[in-house]
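Engineer:
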Amino acid sequence: MDAVCERGNLKLAYQRVVKNKGAAGVDGIGIAEFDDHLKQHWPTIKAKLLAGGYMPQAVRRVDIDKPQGGTRTLGIPTLTDRMIQQALHQVLSPIFEASFSESSYGFRPGRNAHQAVKAAKQYVAEGRRIVVDMDLEKFFDR
Numbered sequence: 004m005d006a007v008c009e010r011g012n013l014k015l016a017y018q019r020v021v022k023n024k025g026a027a028g029v030d031g032i033g034i035a036e037f038d039d040h041l042k043q044h045w046p047t048i049k050a051k052l053l054a055g056g057y058m059p060q061a062v063r064r065v066d067i068d069k070p071q072g073g074t075r076t077l078g079i080p081t082l083t084d085r086m087i088q089q090a091l092h093q094v095l096s097p098i099f100e101a102s103f104s105e106s107s108y109g110f111r112p113g114r115n116a117h118q119a120v121k122a123a124k125q126y127v128a129e130g131r132r133i134v135v136d137m138d139l140e141k142f143f144d145r
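Residue numbers (my numbering): 4 to 145.
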């Protein structure tokens with residue numbers, strides 16, 4: 004947790020959250036108030052993080068319309084929780100990235116759908132003929 008709370012890591016996480024200009028969470032703190040909020044509360048938040056006692060706040064639920072009809076519920080974390088998540092991501096991603104499959108392209112830094120298509124074409128050229136198609140519909144809805 005020391006690496007997560009390191010000043011440079013937190014500064015980068017803060018900058019990324021602010022740059023994204025996302026909506027406020029359940030605490031109602033928006034981008035305009037975020038800096039003052041952190042100045043006042045960060046020492047306590049950091050102490051809880053380092054002691055293992057930090058608990059994220061509930062997410063604000065928002066329903067958005069889907070293009071084909073229906074709605075999708077989003078959970079919007081507070082800006083503080085987003086900053087902590089980003090700081091964790093920045094520390095943990097390089098650690099786990101090294102163990103991911105070379106055949107995995109989704110949501111990976113430096114990888115994209117075009118590279119996945121190119122790899123699939125190469126597999127076909129090599130004689131591979133079996134394809135597994137999985138639809139994980141509503142996988143994250145639980």
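Virtual Cβ for every residue (Gly too), placed ideally from N, Cα, C.
Here the structure is a predicted model, which is why all the values come from computation and not from measurement.
Just to confirm, is the Cβ distance from R85 to G25 under 9 Å?
Structural biologist: If you number the sequence shown from 1, residue 85 lands on position 82. If you number the sequence shown from 1, residue 25 lands on position 22. It is a contact, given that the beta carbons lie within the stated cut-off.
Engineer: Counting C-beta neighbours from all protein chains within 10 Å, is the total for V134 16 or more, i.e. buried, or is it exposed?
Structural biologist: Reading the sequence shown from its first residue, position 131 is the one you call residue 134. It is exposed - the Cβ of V134 has fewer than 16 other Cβ atoms within 10 Å.
Engineer: DSSP three-state label for V62, please.
Structural biologist: Position 59 of the sequence shown, counting from 1, holds the residue named residue 62. V62 falls in the coil class under three-state DSSP.
Engineer: Taking the alpha carbon of I188 as the point to measure from, which residue in K42, H44, V62 and N23 has its own alpha carbon closest?
Structural biologist: Beyond the ends of the chain as shown, which are 4 and 145, falls residue 188; an answer cannot be given.
Engineer: For T83, count neighbouring C-beta atoms within 10 Å of its own C-beta (all shown protein chains included) and say buried if the count is 16 or more, exposed if not.
Structural biologist: To locate residue 83, count along the sequence shown from 1; it is residue 80. So T83 ends up on the buried side.
Engineer: Provide the residue(s) that pair with T74 in DSSP beta bridges, ordered along the chain.
Structural biologist: Within the sequence shown, numbered from 1, the residue matching residue 74 stands at position 71. T74 is bridged to D68.
Engineer: Evaluate the contact criterion for the region 7-14 versus the region 86-96: three or more CB pairs, one atom per stretch, below 8 Å.
Structural biologist: Yes, the region 7-14 touches the region 86-96.
Engineer: From the DSSP output, read off the bridge partner residues of I79.
Structural biologist: As a working mapping, residue 79 is identified with position 76 in the sequence shown. DSSP lists R63 as partners of I79.
Engineer: Counting only the same chain and skipping the five closest in sequence on each side, list residues whose C-beta sits under 6 Å from that of K42.
Structural biologist: Here the question's residue 42 lines up with position 39 in the sequence shown. Excluding positions up to five away in sequence, the list is empty.
Engineer: Are L53 and V65 close, meaning C-beta to C-beta below 9 Å?
Structural biologist: As a first step, residue 53 is located in the sequence shown; it is residue number 50 there, counting from the start. As a first step, residue 65 is located in the sequence shown; it is residue number 62 there, counting from the start. No; because the gap between Cβ atoms is not below 9 Å, this pair is not in contact.
Engineer: Quick one: what's got a C-beta closer than 8 Å to T74's C-beta in the same chain, skipping five residues either side?
Structural biologist: Start at 1 with the first residue of the sequence shown, and residue 74 comes out as number 71. Around T74: D66, I67 and D68.
Engineer: Here's a check: name, in chain order, each residue in its chain whose Cβ is nearer than 8 Å to the Cβ of Y148, leaving out the five neighbours to either side.
Structural biologist: Outside the shown range of the chain (4 to 145) lies residue 148, about which nothing can therefore be said.
Engineer: So what does DSSP say about L57, is it helix, strand or coil?
Structural biologist: Here residue 57 corresponds to residue number 54 of the sequence shown, with the count starting at 1. Per the sequence shown, the amino acid found at residue 57 is Tyr instead of Leu. Three-state result, Y57: coil.
Engineer: Quick check on V20: buried or exposed, where buried means 16 or more other Cβ atoms within 10 Å of its Cβ?
Structural biologist: Locating residue 20 in the sequence shown gives position 17, counting from the first residue. With 16 or more Cβ atoms within 10 Å of its Cβ, V20 is classed as buried.
Engineer: Hey, could you find the ends of the alpha helix (DSSP H) K121 is sitting in?
Structural biologist: Your numbering for residue 121 matches position 118 in the sequence shown. Going by DSSP, K121 is part of the alpha helix (DSSP H) stretching over A116 to A128.
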